[in-house]
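Number of protein chains: 4
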Amino acid sequence: MTVRFAILGAGRIGKVHAGAVASVPGATLIAIADPMPAAAEAIKAAYGCDIRSIDAIEASADVDAVVICTPTDTHADLIERFVRAGKAVFCEKPVDLSLARVKECIATVEAAKGTLMVGFNRRFDPDFMAVKAAIDAGKVGKVEMVTITSRDPGAPPPDYITRSGGMFRDMTIHDFDIARWLLGEEVTEVFASASVLVDTRIGELGDFDSANVILRTASGTQAIITNTRRAAYGYDQRIEVLGSDGLAAAENHGENRITLADKDGFHTAPLLNFFMSRYTAAYANEIAAFVAAVAEGAPTPTTGHDGLMALALAEAALKSVAEGRMVKVSEVL
Amino acid sequence: MTVRFAILGAGRIGKVHAGAVASVPGATLIAIADPMPAAAEAIKAAYGCDIRSIDAIEASADVDAVVICTPTDTHADLIERFVRAGKAVFCEKPVDLSLARVKECIATVEAAKGTLMVGFNRRFDPDFMAVKAAIDAGKVGKVEMVTITSRDPGAPPPDYITRSGGMFRDMTIHDFDIARWLLGEEVTEVFASASVLVDTRIGELGDFDSANVILRTASGTQAIITNTRRAAYGYDQRIEVLGSDGLAAAENHGENRITLADKDGFHTAPLLNFFMSRYTAAYANEIAAFVAAVAEGAPTPTTGHDGLMALALAEAALKSVAEGRMVKVSEVL
Amino acid sequence: MTVRFAILGAGRIGKVHAGAVASVPGATLIAIADPMPAAAEAIKAAYGCDIRSIDAIEASADVDAVVICTPTDTHADLIERFVRAGKAVFCEKPVDLSLARVKECIATVEAAKGTLMVGFNRRFDPDFMAVKAAIDAGKVGKVEMVTITSRDPGAPPPDYITRSGGMFRDMTIHDFDIARWLLGEEVTEVFASASVLVDTRIGELGDFDSANVILRTASGTQAIITNTRRAAYGYDQRIEVLGSDGLAAAENHGENRITLADKDGFHTAPLLNFFMSRYTAAYANEIAAFVAAVAEGAPTPTTGHDGLMALALAEAALKSVAEGRMVKVSEVL
Amino acid sequence: MTVRFAILGAGRIGKVHAGAVASVPGATLIAIADPMPAAAEAIKAAYGCDIRSIDAIEASADVDAVVICTPTDTHADLIERFVRAGKAVFCEKPVDLSLARVKECIATVEAAKGTLMVGFNRRFDPDFMAVKAAIDAGKVGKVEMVTITSRDPGAPPPDYITRSGGMFRDMTIHDFDIARWLLGEEVTEVFASASVLVDTRIGELGDFDSANVILRTASGTQAIITNTRRAAYGYDQRIEVLGSDGLAAAENHGENRITLADKDGFHTAPLLNFFMSRYTAAYANEIAAFVAAVAEGAPTPTTGHDGLMALALAEAALKSVAEGRMVKVSEVL
């Protein structure tokens, strides 16, 4: 079975997914929708698909699945519409910035027996998958401590901060998901310590740019997430899992793999500076995984529940910062 | 200008080039030729091009350029035919196993004012390009010593040995080209020491599976190439350039970038085990460079002369092994 | 001036300091004291010093300085006695397990205008010193986040847990000191999350074997400490400092620097497995720094105040674990 | 048994060996001899030994062993004198710059049933020992190719060139010894290619500053040595052994183990810049090995024969450069 796709939204991430759909075996790109004609035309020109309205796609019999790449505040509505229309749905994170709305949306998906995969692309990074595979193969024994270093190269413009829901809901949400995935046990408690060290305007907007978060599970295993919006040396993305028998760690990706040596020492390139170049393979792999699940009628590897739980951890982190204490996830869910 | 391509030969490397042509902006794949219908059909299915005979392609007005991926003994003839037909030609190395035939072929290309690029893909590896760029930017000062470690993961089947012209003409030829490129000065003398350590059948066929080669230029700068047909840990491809002010080195590519640690120590993955996975980017880049040259009417970055000189170094190496002495390149050219 | 030393306590750490005193230029070992004759004899045999009682050393006119390597519960008393006797004192950490006693002891030292250096050896590790020098030279810009990974290879025997005051006062205390030193600003708040994952007997004794700690300063800079009593791959000791302009990181020390590669990949040795082999240079350097300070009449690089503050952070961490909230250091001091 | 030592020569290397003798258990330093009173006094002051003349040491009943650290042209004579006097002899390399004289000297040692260890310190470097141990444990399978990168940080003054016998006899001689040791099979053929790239004065003296050497054994295994007198990034000392089942490699030693990252990338320190700091442990270990052999009456781990063979390879290399051909070692021995 070839899964026939439409993509909703032809912006930056829409283009990435269009490319992925076009190149993944078993998938074909039927249509693109975007209010900006030029953006949609560019996708059409590149991949030879139709341009259709969202309404038209909803009604299209030749579309099996949609990828939602529209602004965050439209995600939940579109998920509900398309699930009801019988389409398999892949939606960029987050489902919504409101936990209540996310729960409602998931209920709708479940009622419709629909398919919803939330785009936590990092789970599909080849290195992170290799770490997970090592854990699952017992290479580190029982997982005890997860350490996630996740640093953006630079802070986004202030207006993005507002739209995105702030650092925990926008940036750390990926790390929350990775922590849950690697811990292999649900997180029950969250402590977060957040600061404004990079850009005072971020603080004026009520957000943070630097944070450390501790997550705990019922059995006492823990994860640490260390975040910042500024890393002069590039996009710093490392994970490390300590278990009873050892450690599994994924290293960073530099711009190249050459070393220069001179009288001052040895020099290697900065890290890849952009999430799309760092996670190129992850974006392709997540669409391939979605295609495989839809084609086989199997569960998707990430779900609406994963979207809910990652957002709940973000809410708990915000509450923890406000109250200076460990917050139970059950307090916010 | 879009460069319209035909590919001659739909084997392993033909498929790689078809994919590259299909994805490089500014190029389009018009036709594929192969005596094996199934092979040609596969390319047609993947990229939507025509299947045509070599004769038909030669006569096709809608083809600007060809990529020759046929067996080595057909290369020189096809280059001559297609250059005379006014097509730009990209040919896999080697042009021919006979130096005389290569010279003749180059003369034909020159007489026809044709375009010939020889597929020394490694010059287009992003890391090796970064090393070259560092040299050209003066980061290592004056180049003095080039060290090339080039080890295949395993020996080819004996019948390939015969067809390929032996290790120096088939495998080391890439290293000869890289050495010339990095030294930035023509090689004038060659010493080679070859052994049979991996597979006695290779020795029975008169070839070698392990060799060290020293190259010298007129100014006394040197290159060392160390080759073997067996590296248990994968496809070992390293270059290192020592200059008066420092060193530039390109590291190997592992299967992933994770580290596992346990009571026995730290463990990382074997190297990518296959030249096509190691040099994926290089194959794409070389076609892009060819397209750019053809589109702009500019010289190609590698030429028939490069093919000739690399083969001459192989011949000199063979003579050196036979005679146990340093051989001047002028003795074989 | 040659500083004439006596060492109180000829146990494991006493031997290390005896060796340091014997080999540091400008210092000479005059006497050793230990209730176990065999231990004292071993030091005498190795370095040719006298064996004297603690009382005799206190009264010795030919002793300028003492190194206190006796059990923790004797430290504060001995510091006070020897400072009053006019000797310069180097004391192993901690000064005492009671904050009140430490304060009292420091007050005594100050009243006597005495010299007290507390043995936070890690500040004298050549790599950690290089990190600090890089910070001080402005290489990373303004310090924002410190990450300390500090993992013991294996848990100590349960009876040690009791005597030592528990993980925070015994093991993390070193990391607290390093964090204060690297942050360059006093820590004002502590959050700690502790678990028993390695050895249930440790939990039965009321202690922990795995912990993550977040430290904050008034300006919002933060440090994370991640601790465990078990790392299968050896003694894991890393520090990393993120600043506005970059990162400075100290790597681990393996048993050797060789790499083995085989069909399974690349393998390097486990980490040095013992704090004394990992920090050999640090132990020598700290005594040299003490000798230099005493000889020049200069302040020692670590002081009783450093001992007090590191213990206060341990107390705050314990309180944080008990109460599940961020604890101000002022609450415990 | 404690081995009682005298050291002949209190220069740079004499000081190193004096320190080693003083610190190795089972050895004691009795006397130092040097025509420069100040040099001998410095050793005496540091270690409390006697100052004696060479004649007096030869006659000293309280001296079991000597370490010869005098100028090269005195080595052979002193070896013979002290072996005849019944002393165990450790002599710095080379035994002599004349192969004939070395053979004669070895004959004298054998006739006297004397003990002679030649100071090839690198065999005692902990990392190189770990590589050798890995080979001996079968970790790389059958040894096929040895690669030695050996680069001095800077060229010695021209007058040293003359005294030392030139690059092959002075610098490469260490690499020849390491190659023999790692190949585990005697070298039978040598090819060398030498250039003057660093300092024209070295060329005017008839020597070289840059060279590549290929060594072959009867079974066809090979070693490559790449040398230069200038490496801007420090003292570059790497070995790599390829076998049928894998690779063993010893990495370089930097000045520290910290990494700095900034907008230009990642930076680590230059290499240790001096052979004495790079090989500190090797110097201590070789004296310990000599002491152990003397104490046990066992064969020393390196012998006069090793000194002879390494020099023979240097002679063969010189002949190879002169004649531009592979030279059999039997031609020079």
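Sequence order for the protein chains is Z, U, R and Y.
Residue numbers for the first sequence follow the numbering used here, so the first one is 4 and each next one is one higher.
Residue numbers for the second sequence follow the numbering used here, so the first one is 4 and each next one is one higher.
Residue numbers for the third sequence follow the numbering used here, so the first one is 4 and each next one is one higher.
Residue numbers for the fourth sequence follow the numbering used here, so the first one is 4 and each next one is one higher.
Note that CB positions come from ideal geometry on N, CA and C, so glycine has one too.
All values reported here derive from a predicted model rather than from experimental measurement.
Original post:
Looking only at its own chain, which residues have a Cβ that is under 6 angstroms from the Cβ of Thr73 (chain R), when we skip the five neighbours before and after it?
Top reply: Within the third sequence, the letter at position 70 stands for residue 73 (chain R). In the same chain as Thr73 (chain R), and ignoring 5 residues on each side of it, the C-beta atoms closer than 6 angstroms to its own belong to Leu11, Gly12, in chain order.
Original post:
Going by DSSP, which residues form a beta bridge with Gly257 (chain R)?
Top reply: Translated into the one-based positions of the third sequence, residue 257 (chain R) becomes position 254. DSSP lists R:Leu274 as partners of Gly257 (chain R).
**OP:** Pair every Cβ in the stretch 82-96 of chain R with every Cβ in the stretch 114-123 of chain R, then say whether three or more of these pairs are closer than 8 angstroms.
**Re:** yes
Original post:
Residues of chain Y with a CB under 8 angstroms from the CB of Ile261 (chain R): which are they?
Top reply: Residue mapping note: residue 261 (chain R) aligns to position 258 of the third sequence, counting from 1. Those are Asp130, Ala133, Val134, Ala137, Ala251, Ala252, Ala253, Glu254, listed as they occur along chain Y.
Subject >> Closer than 7 angstroms at the beta carbon, the chain A residues around Ala158 (chain R) >> reply: Any reference to chain A falls outside this structure, whose protein chains are Z, U, R and Y.
Original post:
Grouping DSSP H, G and I as helix and E and B as strand, with all else coil, what is Glu95 (chain Z)?
Top reply: The residue given as residue 95 (chain Z) occupies position 92 in the first sequence. Note: Glu95 (chain Z) maps to strand in three-state DSSP.
Subject >> Top-ranked residue by Cα proximity to Met148 (chain Y), from Y:Lys331, Y:Glu113, Y:Leu185 >> reply: Stepping through the fourth sequence from its first residue, residue 148 (chain Y) is reached at position 145. The shortest C-alpha separation from Met148 (chain Y) is found at Y:Leu185.
Subject >> Spatial distance of Asn215 (chain Z) from Gln225 (chain Z) (CA atoms) >> reply: If you number the first sequence from 1, residue 215 (chain Z) lands on position 212. If you number the first sequence from 1, residue 225 (chain Z) lands on position 222. Going by the C-alpha atoms only, they are around 13 angstroms apart.
Original post:
In or out: Arg154 (chain U) buried (at least 16 other Cβ within 10 Å) or exposed?
Top reply: As a first step, residue 154 (chain U) must be located in the second sequence, where it is residue number 151. Flag for Arg154 (chain U) reads buried.
Original post:
Given that a residue counts as buried once 16 or more other Cβ atoms are within 10 Å of its Cβ, and exposed if not, what is Met174 (chain Z)?
Top reply: Position 171 of the first sequence, counted from the first residue, corresponds to residue 174 (chain Z). It is buried - the Cβ of Met174 (chain Z) has at least 16 other Cβ atoms within 10 Å.
**OP:** Select from the stretch 40-60 of chain R all residues with a C-beta closer than 9 angstroms to any C-beta belonging to chain Z, and list them in chain order.
**Re:** none
Subject >> Helix, strand or coil at Ser101 (chain Z) [DSSP, three-state] >> reply: Numbered from 1 along the first sequence, position 98 holds the residue referred to as residue 101 (chain Z). Coil, per DSSP.
**OP:** Taking C-beta pairs closer than 9 angstroms, name the residues in chain Z that Glu207 (chain R) reaches, listed in chain order.
**Re:** As a working mapping, residue 207 (chain R) is identified with position 204 in the third sequence. Ordered by position in chain Z, no residue passes the 9 angstroms Cβ test against Glu207 (chain R), which lies about 15 angstroms from the chain.
**OP:** Closer than 7 angstroms by C-beta to Lys142 (chain R): which residues in its own chain qualify, once you throw out the five before and the five after it? Chain order, please.
**Re:** For this step, residue 142 (chain R) is matched to residue 139 along the third sequence. Excluding residues within five positions, the ones whose Cβ falls inside 7 angstroms are Gly249, Ala251.
Original post:
For the candidate residues Y:Ala68, Y:Val66, Y:Pro273, Y:Phe179, whose alpha-carbon lies nearest to that of Gly310 (chain Y)?
Top reply: Position 307 of the fourth sequence holds residue 310 (chain Y). Gly310 (chain Y) has its Cα closest to that of Y:Phe179, out of Y:Ala68, Y:Val66, Y:Pro273, Y:Phe179.
**OP:** Kindly indicate which three-state DSSP category Arg55 (chain U) falls into: helix, strand or coil?
**Re:** In the second sequence, residue 55 (chain U) corresponds to position 52, counting from 1. In the three-state DSSP reduction, Arg55 (chain U) falls in the coil class, being neither helix nor strand.
Original post:
Does the beta carbon of Tyr236 (chain Z) come closer than 7 angstroms to any beta carbon on chain Y?
Top reply: Taking the first residue of the first sequence as 1, we reach residue 236 (chain Z) at position 233. Closer than 7 angstroms: yes.
Subject >> N- and C-terminal bounds of the beta strand (DSSP E) containing Arg132 (chain Z) >> reply: The residue you call residue 132 (chain Z) lines up with position 129 of the first sequence. The sequence shown places Met at residue 132 (chain Z), not Arg. Careful: Met132 (chain Z) lies outside any beta strand (DSSP E), inside the alpha helix (DSSP H) at 129-139.
Original post:
With a Cβ-Cβ cutoff of 7 angstroms, do Val330 (chain Y) and Ala253 (chain Y) count as a contact?
Top reply: As a position in the fourth sequence, residue 330 (chain Y) is number 327, starting the count at 1. As a position in the fourth sequence, residue 253 (chain Y) is number 250, starting the count at 1. Not a contact, by the Cβ cut-off of 7 angstroms.
**OP:** Taking C-beta pairs closer than 7 angstroms, name the residues in chain U that Ala264 (chain Z) reaches, listed in chain order.
**Re:** Numbered from its first residue, the first sequence carries residue 264 (chain Z) at position 261. What Ala264 (chain Z) touches in chain U: Gly249, Leu250.
Original post:
So is Gly246 (chain Z) buried or exposed if we call it buried at 16+ other beta carbons inside 10 Å?
Top reply: Translated into positions along the first sequence, residue 246 (chain Z) becomes position 243. Buried: at least 16 other Cβ atoms inside 10 Å.
Subject >> Beta-carbon gap between Arg183 (chain R) and Ala285 (chain R) smaller than 7 angstroms >> reply: Here residue 183 (chain R) corresponds to residue number 180 of the third sequence, with the count starting at 1. Here residue 285 (chain R) corresponds to residue number 282 of the third sequence, with the count starting at 1. It is not a contact, given that the beta carbons lie outside the stated cut-off.
Original post:
Using the C-alpha atoms, what's the distance from Ile35 (chain U) back to Phe222 (chain Y)?
Top reply: The sequence position of residue 222 (chain Y) within the fourth sequence is 219, counting from 1. The sequence position of residue 35 (chain U) within the second sequence is 32, counting from 1. It should be noted that the sequence gives Ser, not Phe, for residue 222 (chain Y). Straight-line Cα distance between these residues: approximately 49 angstroms.
Original post:
Between Val70 (chain Z) and Ala115 (chain Z), which are expected to be in contact by the criterion C-beta below 8 angstroms, what is the C-beta distance as a whole number of angstroms?
Top reply: Along the first sequence, read from residue 1 onward, the residue named residue 70 (chain Z) stands at position 67. Along the first sequence, read from residue 1 onward, the residue named residue 115 (chain Z) stands at position 112. Not really, about 18 angstroms apart at Cβ, beyond 8 angstroms.
**OP:** Verify whether the separation of the beta carbon atoms of Phe131 (chain Z) and Leu321 (chain Z) is less than 7 angstroms.
**Re:** Taking the first residue of the first sequence as 1, we reach residue 131 (chain Z) at position 128. Taking the first residue of the first sequence as 1, we reach residue 321 (chain Z) at position 318. Result no, Cβ atoms of Phe131 (chain Z) and Leu321 (chain Z) do not sit closer than 7 angstroms.
**OP:** Report the three-state DSSP secondary structure of Glu1 (chain R) (helix, strand or coil).
**Re:** Outside the shown range of chain R, which is 4 to 336, sits residue 1 (chain R), and nothing can be said about it.
**OP:** Taking only the alpha-carbon atoms, compute the straight-line gap between Glu44 (chain Y) and Ile54 (chain Y) and give it to the nearest angstrom.
**Re:** As a position in the fourth sequence, residue 44 (chain Y) is number 41, starting the count at 1. As a position in the fourth sequence, residue 54 (chain Y) is number 51, starting the count at 1. Using only the alpha carbons, I get a separation of about 7 angstroms.
Original post:
Does the beta-carbon distance from Arg7 (chain Y) to Val98 (chain Y) come in below 7 angstroms?
Top reply: Your numbering for residue 7 (chain Y) matches position 4 in the fourth sequence. Your numbering for residue 98 (chain Y) matches position 95 in the fourth sequence. Not in contact: Arg7 (chain Y) and Val98 (chain Y) (Cβ atoms no closer than 7 angstroms).
**OP:** Label Met4 (chain U) either buried or exposed according to how many other C-beta atoms from any shown protein chain fall within 10 Å of its C-beta, with 16 as the threshold for buried.
**Re:** By 1-based counting over the second sequence, the position of residue 4 (chain U) is 1. So Met4 (chain U) counts as exposed.
Original post:
In this structure, what does DSSP give as the bridge partners for Asn215 (chain R)?
Top reply: By one-based count along the third sequence, residue 215 (chain R) stands at place 212. According to DSSP, Asn215 (chain R) bridges with R:Ser196, R:Thr229.
Subject >> Exposed unless 16 or more other CB atoms sit within 10 angstroms - verdict on Thr168 (chain U) >> reply: Locating residue 168 (chain U) in the second sequence gives position 165, where the first residue counts as 1. Residue identity check: residue 168 (chain U) is Gly in the sequence provided, not Thr. With 16 or more other Cβ atoms within 10 Å, it is buried.
Subject >> Chain-ordered chain Y contacts of Glu299 (chain U) [CB-CB under 8 angstroms] >> reply: Working through the second sequence from its first residue, we reach residue 299 (chain U) at position 296. Simply none; closest approach about 32 angstroms.
**OP:** Go ahead and pull the three-state DSSP assignment for Met329 (chain R).
**Re:** In the third sequence, residue 329 (chain R) corresponds to position 326, counting from 1. Three-state DSSP puts Met329 (chain R) in coil, outside helix and strand.
**OP:** Express the C-alpha separation of Ala68 (chain U) and Ala298 (chain U) in angstroms, rounding to a whole number.
**Re:** Sequence index remark: in the second sequence, residue 298 (chain U) carries index 295 (1-based). Sequence index remark: in the second sequence, residue 68 (chain U) carries index 65 (1-based). Rounded to the nearest angstrom, the two C-alpha atoms are 10 angstroms apart.
**OP:** Give me the Cα-Cα distance between Gly327 (chain Z) and Gly14 (chain Z), rounded to the nearest whole angstrom.
**Re:** Here residue 327 (chain Z) corresponds to residue number 324 of the first sequence, with the count starting at 1. Here residue 14 (chain Z) corresponds to residue number 11 of the first sequence, with the count starting at 1. Going from the Cα of Gly327 (chain Z) to the Cα of Gly14 (chain Z) covers about 39 angstroms.
Subject >> Contacts of Lys355 (chain Y) in chain R (Cβ-Cβ under 8 angstroms) >> reply: Outside the displayed span of chain Y (4 to 336) sits residue 355 (chain Y), for which this structure offers no information.
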